[in-house]
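Novice: The structure follows.
In my numbering, the protein residues as written are 25 to 421.
Right under this line is the structure:
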């Protein structure tokens, strides 16, 4: 399989100046894509939020509203594809079913491969839970599939398989193309290494794949098959199955969050209003602020317990991570949850997010919000029990 990167013959790496220009272009593309993703995901969050409100109020066409919710998720998938192409990191790792995440990419891969390439996808017979993100899986498959396509100009077969292998989850991507020459194999993961004509490849495809797999604690092995196709085996550590949560449009009741207090910091007025309605439907007490400074001041004047701070990451003035840091210093028993329509790591952040931060990507699914809040509360209570500290009551902090 050619890399974004590799047809049959090896060419000299591009000069350093060309590498820098290519890197600058990708950085610019990533920033542009991130801005589009942010605005688009905010809009999708508003649409999805109003659909949830209509579902809760009853009397509406439930089937139509469910179709609206499904359409917002398709829209969110488009932004993930855009960001994957620009090679941005767009999601935090969590426990996912690798096999299901791979299957979700079929709708993206088939039109990219074209009519003359047969795509065979073989899922595992049971869920393969790994600590990763759907966005990472998208990036891996996009890069490998596009390389496979370029290695099969006259058509062929691309086979993607998920299974367990020696106590790990294995993702295999194999094609029937031109293969990878033995002289090229040692360099295929090198950044900017490419044997494609100028302008036909960035030389970053496989280096991105290798970086993601390494970050996830896995390993990747390559078989060039001596010119008879190529095979990539990616092994990832298996993870414990996550708690089962609902996936429907309407949250179940009771939620387990009744009477809890949440402070929401969000600079998009309509989204702030929608989130307030959703949390009220959870029978929670809701405080709202349109920016980080107002949120910090509000919590200082609030005399009761604030169980959750839900804050947007990118806001004018004080950003979410800075707010979270200051909020935690004054209310260490509270749970802080971040949300964003931007790629997860954004260079404009004044303060980096904690590596173990709870994070919800936009558009915000009600079931996902509910799941994150419940798990954050469980971890908080478990931590307090281990410290022999009673959980906060409804009195003044």
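We put the CB at the ideal spot given by N, CA and C, even for glycine.
(1) Among residues of its own chain, excluding the 5 on either side of residue 224, which ones have a beta-carbon nearer than 6 Å to its beta-carbon?
(2) Where do the N-terminal and C-terminal ends of the alpha helix (DSSP H) with residue 315 fall, by residue?
(3) Considering just the uninterrupted stretch of the alpha helix (DSSP H) at residue 428, what are its terminal residues?
(4) Residues in the same chain with beta-carbon distance under 6 Å from residue 305, minus the five sequence neighbours each way, listed in chain order, please.
(5) Quick one, which of 331, 343, 355 and 339 has its alpha-carbon nearest residue 324's?
(6) Could you tell me how far apart the beta carbons of residue 315 and residue 345 are, in whole angstroms, since I believe they sit closer than 8 Å?
(7) Please tell me whether residue 96 and residue 71 are closer than 8 Å, where the distance is taken between their beta carbons.
(8) If you drop the 5 nearest sequence neighbours on each side, which residues of the same chain put their C-beta closer than 7 Å to that of residue 406?
(9) From the DSSP output, read off the bridge partner residues of residue 180.
(10) DSSP on residue 232, reduced to helix/strand/coil?
(11) On the criterion of 16 or more Cβ atoms from any shown chain inside 10 Å, does residue 471 qualify as buried, or is it exposed?
(12) How many Å lie between residue 403 and residue 280 at the Cα?
(13) What residue does the alpha helix (DSSP H) around residue 336 start on, and which one ends it?
(14) Express the C-alpha separation of residue 359 and residue 285 in angstroms, rounding to a whole number.
(15) Exposed or buried, which one is residue 395 when buried takes at least 16 other CB atoms within 10 Å?
(16) Within 10 angstroms of the Cβ of residue 411, are there 16 or more other Cβ atoms? Answer buried if so, exposed if not.
(17) Should residue 264 and residue 362 be called a contact, given that it needs their Cβ atoms to be closer than 8 Å?
(18) Apart from the five residues just before and just after residue 313, which ones in its own chain have a Cβ nearer than 6 Å to its Cβ?
(19) Under DSSP, the beta strand (DSSP E) around residue 359 begins and ends at which residues?
(20) Is it buried or exposed, residue 73, if we count other Cβ atoms within 10 angstroms and call 16 or more buried?
(21) Name the DSSP bridge partner or partners of residue 197?
(22) Quick one: grab the DSSP three-state call for residue 212.
(23) What's the call for residue 140, buried or exposed, on a 16-neighbour Cβ count within 10 Å?
(24) Go ahead and pull the three-state DSSP assignment for residue 173.
(25) What residues in its chain sit with their C-beta under 6 Å from that of residue 221, if we drop five residues either side in the sequence?
(26) Between residue 122 and residue 156, how many whole angstroms is the CB-CB distance? I'm expecting something under 8 Å.
Specialist: Per the coordinate set shown:
(1) With a pLDDT of 45 at residue 224, under the threshold of 50, the predicted position of this residue should be treated as unreliable, though the coordinate-derived value follows. Listed in chain order, the non-local C-beta contacts of residue 224 below 6 Å within the same chain number zero, local neighbours out to five positions each way being set aside.
(2) For residue 315, no alpha helix (DSSP H) segment is defined, and its DSSP state is neither H nor E.
(3) Coverage of the chain is limited to positions 25 through 421, which leaves residue 428 absent and any answer about it impossible.
(4) The residues 80, in chain order, have a CB closer than 6 Å to that of residue 305 in the same chain once the five nearest residues on each side in sequence are set aside.
(5) For residue 324, the nearest C-alpha among the options comes from 355.
(6) By a beta-carbon distance limit of 8 Å, residue 315 does not contact residue 345. Their separation comes to about 14 Å.
(7) In this structure, residue 96 lies near residue 71, with their beta-carbon atoms less than 8 Å apart.
(8) Excluding the 5 residues flanking it on each side, residue 406 has no same chain C-beta neighbour closer than 7 Å.
(9) Paired residue(s): 141.
(10) In this structure, residue 232 counts as helix in the three-state DSSP scheme.
(11) As displayed, the chain neither begins before 25 nor continues past 421, which places residue 471 out of reach and without an answer.
(12) Those two C-alpha atoms are separated by around 14 Å.
(13) Segment 332-336 is the beta strand (DSSP E) holding residue 336; no alpha helix (DSSP H) there.
(14) Whole-angstrom Cα-Cα distance: 11 Å.
(15) That one is buried.
(16) In summary, residue 411 is exposed, with fewer than 16 beta-carbon neighbours lying within 10 Å of its beta-carbon over all protein chains present.
(17) Between residue 264 and residue 362, the C-beta spacing is not below 8 Å.
(18) So the list reads 289, 319 and 322, once near-sequence residues are dropped.
(19) Residues 359-364.
(20) Under this definition residue 73 is a buried residue.
(21) For residue 197, which the question treats as bridged, DSSP gives the partners 184 and 256.
(22) In the structure shown, residue 212 sits in coil (DSSP, three-state: anything other than H, G, I, E or B).
(23) Looking at its Cβ environment, which holds fewer than 16 other Cβ atoms inside 10 Å, residue 140 is exposed.
(24) In this structure, DSSP gives residue 173 a helical state, which the three-state scheme calls helix.
(25) The predicted position of residue 221 is uncertain, since its pLDDT is 49 and thus under 50; a value taken from the coordinates is nonetheless stated next. There are no such residues.
(26) Residue 122 to residue 156, Cβ: 7 Å. Contact.
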